[in-house]
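Notes to accompany the following structure.
Residue numbers (UniProt numbering): 1 to 1239.
Structure (structure tokens):
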């Protein structure tokens, strides 16, 4: 009989598996396993299935043989257990062999699942690592690709984030950067540059000159490629050439060969020594060769943009003509409100009729547009750019115009020409009779310039007038200075070298910084831009310190113009701080950032490649056309006359120039104003023109009567001769700059050295209130015109309250009023020191605007107590506002008598005066001063001249130093007469109420105040407040000054002197017409009251929004009487707004009234603590008492009272002999004597 397992005992049965595990076969098996593990994830999964499937099938067959089930069910059973399928059970088997087999299959499944999870997780990990390292090829198209990384790259990305020169998405859907930098650092820098723009970006680490890395960023599918010149790369030109070749080879596929692609190539900086050499010429040859080698149908186009090589010429021009670099910077960087260069089609912009084939002269073409200045054209035949061409040039319909415009849509000129209505012959006659202003020699000081001076001196020789002097301060003699002398003459201009470092004050003084016309600080060529900016800031601080200590601010000579060359944008804020906050004498300054200028040029060329030649001619080239600032007298524009911009353009064209705009006497720049707009050119105004380089008739910005004073003889020969001055042996060297202790100083407008800083954002101020001294008929006429136009004006030398100056100090007021009268005093915490009056009649508990704890408290105290507490309290600050006079309506008989007196010649000023406030002891005590020392006759004459009504009330205001009265408006016109002390006032027009000031609602306890904290505005709550830059006017009130505040103007007042007192006269409107810009704010108060009376206080915002959007029919049931009345009410609101502001004005006013307003104000109650629900932990204060105060508690109590703390008096309940009981008393019977006596 043959046993079933007998074959296992045969010789050689176990030899076969052993043979399979011999070393040679094991090596092959290991190699096969390595290939599988390193293969794609699909191959790994297939290999796992091929290995596991036979094992599952064999185990299924064995299970079927043991249990007697079909083979298919056995295989499925093992499959579900191995792969741990839901519903598979291991504990169901009853026989031991089957249970053992199923458990072995389960354990096998555990290892199989672990292997599968390991394979998938390893694949995911490798993919994530590849993404992190930037090795995954991008599958995108139409993107903006930036190749290489240099110091201009962050500036370029920042301007792309700001959407300079148009929407950045026109360059590509997203930004892709490829550079040889660490990817984490590159991601962080790109994210910082594009912060807040919402532009998607992707970075990859790699070499742009490597074809494989170019494929990684989908270079062939990019819409725009910006190839930057790498920093610190000796083989940069070779790598850029390889990059251009790689870009062309990537586009060899038919799918990408015809795609339109712009490649903007940045050329490097070229020093003066290398200019004109073969190395410099080779930098531009490669792109031209590649451009010629491209097939005619290729959509790839190269555009070259030059580096900073002629920026020194721009610095020289800015020193001679202040403002040139600012204008170029605004245009190149597309600053807010600045125009852009555009390339337009003449038929699309309606310069030519559509379909017309006839040409047009350049003169007719430039006169066809009212909202753009035509600067030149690009010839369609030879693609040559012509800037400022002659008017007789003939243009074809295919030519493109180069215009400077704020808008991308055309606006045809009225009557077909901007010159319509102008007498060209009269303009030519005026131009012929105009006297060209003489050129004035200038004194220019150069500090901190490193590198050759050739470019800078060439620019100064071109722009500065003959006889100008240039002083170069440097520790070493410039290398390109000819000869061995320290003095050099060139074309009538002299250059002098003064040895000294940037920290040697005597070198600055020998160069004559204080008397110079311009000072150039910084340098262009710097390897380490951080060190270069540090040297520039040090030089700037030294220059500012010398100007601060040289004479007073009232000197007739204007301070020098400062031109600072900044490498890093972060240094610009520090430079502005030096020029503003640390300046005792304000100077004009231009902070030139060459990198920002070149980056803006790169971005603008990327948007419109055809403008590359025009921008290069303006910024980079020394030939061709350039920007100039001309005096108005050059064109026959007399100061004081009104001239339209169209007239200025024609006068400039008659001189062969193109007018781009003008710079006012206040320094404000207006480029491309409307041709019909008129302006008055003052003596300090300048016309911005485009003219040919090297124009000898160019005039500087200095007038002929402000020549630089002649330098003394010993200064001219300070390097040798008898005039040489040697410092004394014991004379200290002023090498360390002296920091000024004053933050701002302007004696002309009243600022003083020790004044506290303004308690508002500096960008709010756009100028000073007009100061008028009524000492001449012309000034009186100007003041009356300003008052009639509802403009604030500061009157000096008026007799209104002149008799009270010197009489109303705090001590004198306390003595005059006495201590019997209790006055209303505002009390504020010393840390805030601001006073906001809360209207208790509107602060109703449970109302929508309830303020649970007002910021400013009210106290009742006498005036002597007020004066004493104001000077002694440290934790609290006080402010007094008391009505002392009020107008009372007179009976009809008295009015008739008053009219008869006026007809008889009596002025009647006594009858027009307001009466003393009834029940006010303060008014009664000051009655004599108010009657005799206030010039009521002068006030009555002013009221009659301006048609004011009576004086409604007179308020006395008394306060101390630093106190703040936040921005608030009043519905009446006011005259604020400063009697004692000084105050700083910021005024904002009522037209800015809803655009950014956010006034409180009419029913709020803080009605008439602005919600915004001017010291620390919250951009999240008040986002539009940041748009009020330059809208405010400021004034400093001295004793005797009178400030006219028009109705509804917001007034933000800060007290400056230690003792201040003022009288405020509130005037009735009378028969004066209301101010147009105050109408929306005045109307809003009426509308809020009206809607609240009809719909309730909580629904005011809702119904104003509904009416403003025309959605009332969705909220009204017309089938009811209430709905019908609401419908009529909504229409009446619209009619009221249209009647006051014009048709359709309600759609704009009502939504603006609701924006950020008419909602609860919970931030006013955030610091309030509910007494019944106190959950905070007790605050443990440190015991600061001295030993004496601990021994005598009364000392400590009085100390707290002196500091302003309210310390309640406490009496001990323990009998203490000599304290609360007699010394000889018996504490056992204390308090019982009276009771026994009563009994």
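Just so you know, even glycine gets a beta-carbon here, dropped at the ideal spot from N, CA and C. None of the values given here were measured: they were computed from a predicted structure.
Where does residue 785 land, buried or exposed, given buried means 16+ other C-beta within 10 angstroms?
Numbered from its first residue, the chain shown carries residue 785 at position 785. Classification of residue 785: exposed, given that the 10 Å Cβ count is below 16.
For residue 501, which residues of its own chain have a beta-carbon under 6 Å away from its beta-carbon, when the five flanking residues on both sides are left out?
Position 501 of the chain shown, counted from the first residue, corresponds to residue 501. Within the same chain, residue 501 has close Cβ partners 475.
Which listed residue (1163, 1107, 1113, 1131) has its alpha carbon closest to that of residue 1152:
Counted from its first residue, the chain shown places residue 1152 at position 1152. Ranking 1163, 1107, 1113, 1131 by Cα distance to residue 1152 puts 1107 first.
Would residue 1034 be called buried (16 or more neighbouring beta carbons within 10 Å of its own) or exposed?
For the purposes of this step, residue 1034 is taken as the residue at position 1034 of the chain shown. Looking at its Cβ environment, which holds 16 or more other Cβ atoms inside 10 Å, residue 1034 is buried.
What residue ranges within the segment 604-636 form continuous beta strand (DSSP E) runs of no fewer than 3 residues, ordered along the chain?
625-630
Spatial neighbours of residue 448 within its chain, please: CB distance less than 7 Å, with the 5 preceding and 5 following residues excluded, ordered by chain position.
Within the chain shown, numbered from 1, the residue matching residue 448 stands at position 448. The residues are 502, 521, 522, 523, 535, 536, 539.
Just to confirm before moving on: does the CB-CB distance between residue 78 and residue 56 stay below 8 Å?
Residue numbering aside, residue 78 sits at position 78 when the chain shown is read from its first letter. Residue numbering aside, residue 56 sits at position 56 when the chain shown is read from its first letter. Closer than 8 Å, so yes.
Three-state secondary structure (DSSP) of residue 1136:
Translated into the one-based positions of the chain shown, residue 1136 becomes position 1136. It is helical.
Residue ranges of each beta strand (DSSP E) within the segment 400-430, 3 or longer
400-405
Would you tell me roughly how many angstroms separate the C-alpha atoms of residue 454 and residue 771, rounded to the nearest one?
In the chain shown, the residue the question calls residue 454 occupies position 454. In the chain shown, the residue the question calls residue 771 occupies position 771. Cα-Cα distance, rounded: 48 Å.
Report buried or exposed for residue 225, applying the criterion of at least 16 other Cβ atoms within 10 angstroms of its Cβ.
To locate residue 225, count along the chain shown from 1; it is residue 225. Answer is buried; the Cβ neighbour count reaches 16.
Considering only residues of the same chain and omitting the five flanking positions on each side of residue 729, which have a CB-CB separation below 7 Å?
What you label residue 729 is simply residue 729 of the chain shown in a count that begins at 1. Residue placement at residue 729 cannot be trusted, given a pLDDT of 41 that sits under 50; the coordinates are not used to answer.
In angstroms with no decimal places, state the Cα-to-Cα distance between residue 910 and residue 866.
As a position in the chain shown, residue 910 is number 910, starting the count at 1. As a position in the chain shown, residue 866 is number 866, starting the count at 1. Since pLDDT at residue 910 reaches only 47, below the 50 mark, its modelled position is unreliable, and the value read off the structure follows with that caveat. Taking the straight line joining both Cα atoms gives about 32 Å.
Give the secondary structure of residue 949 by DSSP, where H, G and I count as helix, E and B as strand, and everything else as coil.
To locate residue 949, count along the chain shown from 1; it is residue 949. Coil, per DSSP.
Residues of its chain near residue 705, where Cβ-Cβ distance is below 8 Å and the 5 sequence neighbours each way are ignored:
Sequence index remark: in the chain shown, residue 705 carries index 705 (1-based). Caution applies to residue 705, whose pLDDT of 37 falls short of 50 and renders its modelled position unreliable; the value that the coordinates give is listed next. None.
Nearest CA to the CA of residue 793: which residue from 1042, 244, 543?
Numbered from its first residue, the chain shown carries residue 793 at position 793. With distances taken between Cα atoms, residue 793 lies closest to 1042.
Take residue 864 as the anchor and find which of 879, 876, 827, 813 has the nearest alpha-carbon.
Sequence index remark: in the chain shown, residue 864 carries index 864 (1-based). It is 813.
Just tell me which of 615, 184, 191, 223 has its CA closest to the CA of residue 377.
The sequence position of residue 377 within the chain shown is 377, counting from 1. Residue 615 is the option with its Cα nearest to residue 377.
Determine the burial state of residue 186: buried for a count of at least 16 other Cβ atoms within 10 Å of its Cβ, exposed for fewer.
Position 186 of the chain shown, counting from 1, holds the residue named residue 186. Buried: at least 16 other Cβ atoms inside 10 Å.
Tell me residue 691's beta-bridge partners as DSSP assigns them.
As a working mapping, residue 691 is identified with position 691 in the chain shown. DSSP, once it has assigned bridges, lists 626 as partnering residue 691.
Closest residue to residue 997 among 981, 959, 1156 (Cα-Cα distance):
Sequence index remark: in the chain shown, residue 997 carries index 997 (1-based). It is 1156 whose Cα lies nearest to the Cα of residue 997.
Can you give the beta carbon distance from residue 790 to residue 966, rounded, assuming they're within the 8 Å contact cut?
Working through the chain shown from its first residue, we reach residue 790 at position 790. Working through the chain shown from its first residue, we reach residue 966 at position 966. Actually they do not touch by this definition, with Cβ atoms about 23 Å apart.
Residue 158, DSSP secondary structure in three states:
Numbered from its first residue, the chain shown carries residue 158 at position 158. DSSP places residue 158 in helix when its eight states are reduced to three.
Which residues in the same chain have their Cβ closer than 6 Å to the Cβ of residue 933, if we skip the five residues on either side of it in sequence?
Along the chain shown, one-based indexing puts residue 933 at 933. The residues are 803, 804.
Quick check on the DSSP output: the beta strand (DSSP E) that includes residue 469 runs from which residue to which?
As a position in the chain shown, residue 469 is number 469, starting the count at 1. 469-474 is the span of the beta strand (DSSP E), which, as asked, contains residue 469.
Return the first residue and the last residue of the beta strand (DSSP E) that residue 1051 is part of.
As a position in the chain shown, residue 1051 is number 1051, starting the count at 1. Residues 1050-1055.
Exposed or buried, what is residue 658 when buried is set at 16 or more other beta-carbons lying within 10 Å of its beta-carbon?
Counting from 1 along the chain shown, the entry for residue 658 is found at position 658. Buried, by the Cβ-count rule.
Could you tell me if residue 321 is buried or exposed, where buried requires 16 or more neighbouring beta carbons within 10 angstroms of its beta carbon?
Along the chain shown, read from residue 1 onward, the residue named residue 321 stands at position 321. The residue is buried, with at least 16 neighbouring Cβ atoms inside 10 Å.
Would you kindly check if the distance between the Cβ of residue 980 and the Cβ of residue 1023 is under 8 Å?
Position 1023 of the chain shown, counting from 1, holds the residue named residue 1023. Position 980 of the chain shown, counting from 1, holds the residue named residue 980. Going by C-beta atoms, residue 1023 is not nearer than 8 Å to residue 980.
If distances are taken between C-alpha atoms only, which option among 1089, 144, 1112 comes closest to residue 606?
What you label residue 606 is simply residue 606 of the chain shown in a count that begins at 1. Answer by Cα proximity: 144.
Start and end residues, beta strand (DSSP E) containing residue 885:
One-based indexing of the chain shown puts residue 885 at position 885. Unbroken beta strand (DSSP E) run through residue 885: 876-886.
Going by the beta-carbon positions, is the gap between residue 175 and residue 199 smaller than 8 Å?
Here residue 175 refers to the residue found at position 175 of the chain shown. Here residue 199 refers to the residue found at position 199 of the chain shown. Yes; because the gap between Cβ atoms is below 8 Å, this pair is in contact.
What's the call for residue 121, buried or exposed, on a 16-neighbour Cβ count within 10 Å?
For the purposes of this step, residue 121 is taken as the residue at position 121 of the chain shown. Counting Cβ neighbours within 10 Å, residue 121 comes out exposed, since fewer than 16 surround it.
Could you pull the start and end residues of the alpha helix (DSSP H) that residue 814 belongs to?
Counted from its first residue, the chain shown places residue 814 at position 814. Here the alpha helix (DSSP H) through residue 814 covers 810-817.
Cross-strand partners of residue 1221 (DSSP beta bridge)
For the purposes of this step, residue 1221 is taken as the residue at position 1221 of the chain shown. For residue 1221, which the question treats as bridged, DSSP gives the partners 1217.
Reduced DSSP secondary structure (H/G/I, E/B, other) of residue 1226:
For this step, residue 1226 is matched to residue 1226 along the chain shown. Note: residue 1226 maps to coil in three-state DSSP.
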